[in-house]
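K.L.:
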Amino acid sequence: MKALTFIDLFCGCGGFSFGLERAGLKCLAAVDLNPEAVAVFGRNFPHVQHALEKDLTRFNPKDLAVLIDHAAVDVIVGGPPCQGFSIVRQADGANSGVRMVEDPRRHLYKEFLRFVGYFKPKVFVMENVLGIRSAAGGEYYARVQQEARALGYRVLPRVEDAFTLGVPQKRRRQLFIGTRTDLPHYFTEPLVRPTRACANSSLWMAIGDLPPLAAGTGDDDTAYDIECRDRYVKQFGRKYLDEVYEVGKSKTLTSHKARPHSDRDLGDFAKLREGENSKEAIKRGVKFDFPYDKETFKDRYTRQHRKEPCSTIVAHMSRDGLMFIHPTQNRSLTAREAARVQSFPDWFVFSVPRTHQYRLIGNAVPPLVGEAVGNAVKEHLKRAVKPTEDTIFRTSSPIPTSRNQALAWLEELVCAVDAKQLRKLPDEDFKRGWYAVGFLFPFLHPDGALESGCRVSNEAPNGMELKKVDPRLVAPFFEQSGWPVLLQPVAREAHRRHAAGGLKHHELYPSEALVAALWMPKEALWMPKEQR
Ligand SMILES: C[S@@+](CC[C@H](N)C(=O)[O-])C[C@H]1O[C@@H](n2cnc3c(N)ncnc32)[C@H](O)[C@@H]1O
């Protein structure tokens, strides 16, 4: 099968791209405005013809299209900068409520969507920090979804947990997965830990074989310590070394150089027990020498624990490494150790000065996460082929044969909602109504209704036929999920019946209804305004 192709926007050093390529996808182009990011990307992806140093607020998708074959873009991925949504900013109230501080980086998702709107890939995946969910009372979280729907995508927000995917780190991120509405399948594929990774990985599995260092020592390019490695292999075997870090492909060890620390900091580090932060140490009576306000900086230092996943590797490591003190050595983690915790292989070279290395590594999507995303997208697109008549007619499900029939089934459902009889409807009757929803609202995802937020819009775009059945089928609707407020309980009921065994998986996600809808004239359906 031909490899699926993708573009990586805001590509950084290429953590996301690298994972997708490991899943078998092919990168056509990657764009970032940061010269160090593009240099590292270019060095590690020599086969990618277009690693472009461009400001995406000024770069026109048309100009990218002349470089690559327009029709060939299957997937667009990207992680617009997250500083604008970072929870760290919430400490000063800057990301919430009335104290929301305007930050232009929050609008960069629009550049991502501009490329999606132009190239119309089958799938897009946008990654961000969890802070986007709550920033400005959830405004951006809702906007991303609403604006992507208007471009013709069915959007599924998912929280991804890197640790469960084999990354030895506590790291949870927000994904927005968009699938083009003319591909008649709901994205339901779970993210699965790649086979190369293990469950319950720990910091020591990531770095336990690396040569010990004192603060301020080490080289940019150094030898592995074979004795250390032997001890490691006795404890953990070779799986991680061979399959995740691919140590066999790297003759020397790069970026394993410990940053220097002041004597005062080193003295303070030495007071911490393994797995302890300064707040906990203060509680047991330890006195630190740091001159900061002791209230504000209570958990400033953290010594990581060998047997635990590491704390979230962040770009901020480029400034200091105080929250990433080595579990057994008196220093902060090296850039290579941080890269290991992010699941980069050792041959991935960070050929830029150290502060940039930390920033690029901290910003990256861990390759194991990228690989899991790539595998899920591949699985999805295997299923999401254009329908044939054969696909439609070989089913015993209640497929509406005309718009009028779908509208009539929907009306029965609305009556049941009004009469508060939804729960009492027999499964067969409920299913008919539910398939009518799939048929008439192909841009809604059943899972979206479980997370609609509270922002409601009354701006009914169109959908005359639906309005005739009941104007509430068009507005008000939830900005975030797109679900009409009236139908939200219907979707919840569908999930309840599925959990109780009344609806099968393919009935909760009635792709057959989407397939059937594709055979009907598009203008009959209620679509977000911009799509018409
Ligand atoms: C969170 S990082 C992306 C990391 C990347 N996904 C990875 O896996 O390595 C965000 C990136 O956006 C880039 N960036 C910020 N503003 C940009 C702009 N206006 N145009 C292009 N890139 C931008 C930054 O340089 C940074 O590398």
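Following our numbering, the numbering of the sequence shown begins with 1168 at its first residue and continues without gaps.
Quick reminder that beta carbons are idealized off the backbone N, C-alpha and C, glycines included.
Locate the beta strand (DSSP E) running through residue 1176, then write down its first and last residues.
P.N.:
The residue you call residue 1176 lines up with position 9 of the sequence shown. First-last of the beta strand (DSSP E) with residue 1176: 1172-1176.
K.L.:
Where does residue 1293 fall in DSSP's three states?
P.N.:
Along the sequence shown, one-based indexing puts residue 1293 at 126. Of the three classes helix, strand and coil, the one that applies to residue 1293 here is strand, per DSSP.
K.L.:
May I ask you to list the residues that DSSP assigns as paired with residue 1623?
P.N.:
Stepping through the sequence shown from its first residue, residue 1623 is reached at position 456. 1645, per the DSSP bridge assignment.
K.L.:
Hey, quick one: how far does the alpha helix (DSSP H) through residue 1507 stretch, first residue to last?
P.N.:
Reading the sequence shown from its first residue, position 340 is the one you call residue 1507. 1502-1508 is the span of the alpha helix (DSSP H), which, as asked, contains residue 1507.
K.L.:
Excluding the 5 residues preceding and the 5 following residue 1328 in the sequence, name in chain order all residues of the same chain whose CB lies nearer than 7 Å to its CB.
P.N.:
Translated into positions along the sequence shown, residue 1328 becomes position 161. For residue 1328, where only same-chain residues beyond five positions count, the Cβ hits under 7 Å are 1339.
K.L.:
Using DSSP with H/G/I as helix, E/B as strand and the rest coil, what is residue 1169?
P.N.:
On the sequence shown, residue 1169 is found 2 positions in, with the first residue counted as 1. The answer is coil: DSSP assigns residue 1169 none of H, G, I, E or B.
K.L.:
For residue 1444, count neighbouring C-beta atoms within 10 Å of its own C-beta (all shown protein chains included) and say buried if the count is 16 or more, exposed if not.
P.N.:
By one-based count along the sequence shown, residue 1444 stands at place 277. Answer is buried; the Cβ neighbour count reaches 16.
K.L.:
Between residue 1263 and residue 1618, what straight-line distance do the alpha-carbon atoms span, to the nearest angstrom?
P.N.:
Locating residue 1263 in the sequence shown gives position 96, where the first residue counts as 1. Locating residue 1618 in the sequence shown gives position 451, where the first residue counts as 1. Confidence at residue 1263 is low in this model, with a pLDDT of 49, below 50, so its placement is unreliable and no value can be given for it.
K.L.:
Please confirm whether residue 1375 and residue 1402 have their CB atoms less than 9 Å apart.
P.N.:
Position 208 of the sequence shown holds residue 1375. Position 235 of the sequence shown holds residue 1402. For residue 1375 and residue 1402, yes; Cβs fall inside 9 Å.
K.L.:
At a cut-off of 8 Å, would you count residue 1224 as near ligand 1, judging by its Cβ distance to the nearest heavy atom?
P.N.:
The residue labelled residue 1224 in the question sits at position 57 within the sequence shown. It does: the Cβ of residue 1224 is within 8 Å (strictly closer) of some heavy atom of ligand 1.
K.L.:
Closer than 8 Å: is that where the CB of residue 1410 sits relative to any heavy atom of ligand 1?
P.N.:
Taking the sequence shown and counting its residues from 1, the one referred to as residue 1410 is at position 243. No.
K.L.:
Using the C-alpha atoms, what's the distance from residue 1215 back to residue 1170?
P.N.:
Start at 1 with the first residue of the sequence shown, and residue 1170 comes out as number 3. Start at 1 with the first residue of the sequence shown, and residue 1215 comes out as number 48. Cα to Cα, residue 1170 sits roughly 14 Å from residue 1215.
K.L.:
Tell me whether residue 1327 counts as near ligand 1, meaning its Cβ is closer than 8 Å to at least one heavy atom of that ligand.
P.N.:
Numbered from its first residue, the sequence shown carries residue 1327 at position 160. The answer is no for residue 1327.
K.L.:
Using only the alpha-carbon positions, how far apart do residue 1429 and residue 1391 sit?
P.N.:
Mapped onto the sequence shown, residue 1429 falls at position 262. Mapped onto the sequence shown, residue 1391 falls at position 224. Their Cα atoms are separated by approximately 27 Å.
K.L.:
Taking only the alpha-carbon atoms, compute the straight-line gap between residue 1174 and residue 1586 and give it to the nearest angstrom.
P.N.:
Here residue 1174 corresponds to residue number 7 of the sequence shown, with the count starting at 1. Here residue 1586 corresponds to residue number 419 of the sequence shown, with the count starting at 1. Each residue's Cα considered, the two are about 49 Å apart.
K.L.:
Measuring from the CB of residue 1593, is there a heavy atom of ligand 1 at a distance below 8 Å?
P.N.:
Position 426 of the sequence shown, counting from 1, holds the residue named residue 1593. Flag unset: Cβ of residue 1593 not near ligand 1.
K.L.:
Could you check which residue in 1233, 1384 and 1379 has the C-alpha nearest to that of residue 1396?
P.N.:
Position 229 of the sequence shown holds residue 1396. Residue 1396 has its Cα closest to that of 1379, out of 1233, 1384 and 1379.
K.L.:
What first and last residue would you give for the alpha helix (DSSP H) that runs through residue 1395?
P.N.:
Against the sequence shown, residue 1395 aligns to sequence position 228. 1393-1403 is the span of the alpha helix (DSSP H), which, as asked, contains residue 1395.
K.L.:
What three-state label does DSSP hand residue 1196 in the structure shown?
P.N.:
Along the sequence shown, one-based indexing puts residue 1196 at 29. Residue state, collapsed to three classes: strand.
K.L.:
Assess, as a yes-or-no matter, whether the stretch 1512-1522 is touched by the stretch 1199-1217 under the definition of 3 or more beta carbon pairs within less than 8 Å.
P.N.:
These segments touch.
K.L.:
Is residue 1435 near ligand 3, judged by its Cβ being under 8 Å from some heavy atom?
P.N.:
Ligands in the displayed structure: ligand 1; ligand 3 is not one of them.
K.L.:
For the candidate residues 1425, 1478 and 1231, whose alpha-carbon lies nearest to that of residue 1282?
P.N.:
By 1-based counting over the sequence shown, the position of residue 1282 is 115. Of the candidates 1425, 1478 and 1231, the one whose C-alpha sits nearest the C-alpha of residue 1282 is 1231.
K.L.:
Given this structure, state the Cα-to-Cα distance separating residue 1337 from residue 1296, to the nearest angstrom.
P.N.:
To locate residue 1337, count along the sequence shown from 1; it is residue 170. To locate residue 1296, count along the sequence shown from 1; it is residue 129. Their Cα atoms are separated by approximately 13 Å.
K.L.:
What are the start and end residues of each continuous beta strand (DSSP E) run of 3 or more residues lying completely inside the stretch 1375-1457, in chain order?
P.N.:
As far as the stretch 1375-1457 is concerned, its whole beta strand (DSSP E) runs of at least 3 residues are 1385-1389 and 1420-1424.
K.L.:
Taking the C-alpha atoms as reference points, what is the distance between residue 1304 and residue 1181?
P.N.:
In the sequence shown, counting from the first residue as 1, residue 1304 sits at position 137. In the sequence shown, counting from the first residue as 1, residue 1181 sits at position 14. Approximately 31 Å between the Cα atoms of the pair.
K.L.:
Excluding the 5 residues preceding and the 5 following residue 1326 in the sequence, name in chain order all residues of the same chain whose CB lies nearer than 8 Å to its CB.
P.N.:
Working through the sequence shown from its first residue, we reach residue 1326 at position 159. So the list reads 1297, 1339, 1340, 1341 and 1342, once near-sequence residues are dropped.
K.L.:
Taking the continuous beta strand (DSSP E) assigned at residue 1346, which residues delimit it?
P.N.:
To locate residue 1346, count along the sequence shown from 1; it is residue 179. Segment 1339-1347, the beta strand (DSSP E) holding residue 1346.
K.L.:
Verify the contact flag: residue 1247, CB atom, against every heavy atom of ligand 1, threshold strictly below 8 Å.
P.N.:
The residue given as residue 1247 occupies position 80 in the sequence shown. Because some heavy atom of ligand 1 lies under 8 Å away, the Cβ of residue 1247 counts as near it: yes.
K.L.:
What residues in its chain sit with their C-beta under 6 Å from that of residue 1649, if we drop five residues either side in the sequence?
P.N.:
Taking the sequence shown and counting its residues from 1, one reaches residue 1649 at position 482. Around residue 1649: 1316 and 1611.
K.L.:
When you compare only the Cα positions, how much space is there between residue 1426 and residue 1220?
P.N.:
Indexing the sequence shown from 1 puts residue 1426 at position 259. Indexing the sequence shown from 1 puts residue 1220 at position 53. The straight-line gap from Cα to Cα measures roughly 29 Å.
K.L.:
Residue 1623 and residue 1643 look like a contact to me (Cβ under 8 Å); what is the Cβ gap, rounded to whole Å?
P.N.:
In the sequence shown, counting from the first residue as 1, residue 1623 sits at position 456. In the sequence shown, counting from the first residue as 1, residue 1643 sits at position 476. Confirmed, about 5 Å.
K.L.:
Using the Cα positions of residue 1442 and residue 1512, report the straight-line distance between them to the nearest angstrom.
P.N.:
In the sequence shown, residue 1442 corresponds to position 275, counting from 1. In the sequence shown, residue 1512 corresponds to position 345, counting from 1. When rounded, the distance between both Cα atoms is 26 Å.
K.L.:
Comparing alpha-carbon positions, which option in 1475, 1194, 1476 and 1505 lies nearest residue 1487?
P.N.:
The residue labelled residue 1487 in the question sits at position 320 within the sequence shown. Comparing Cα-Cα distances from residue 1487 to each of 1475, 1194, 1476 and 1505, the minimum goes to 1505.
K.L.:
Which residues share a DSSP beta bridge with residue 1325?
P.N.:
Locating residue 1325 in the sequence shown gives position 158, counting from the first residue. Bridge partners of residue 1325: 1342.
K.L.:
Please tell me whether, using a cut-off of 8 Å, the distance from the CB of residue 1422 to the nearest non-hydrogen atom of ligand 1 is below it.
P.N.:
As a working note, residue 1422 is residue 255 in the sequence shown. It does not: the Cβ of residue 1422 is nowhere closer than 8 Å to a heavy atom of ligand 1.
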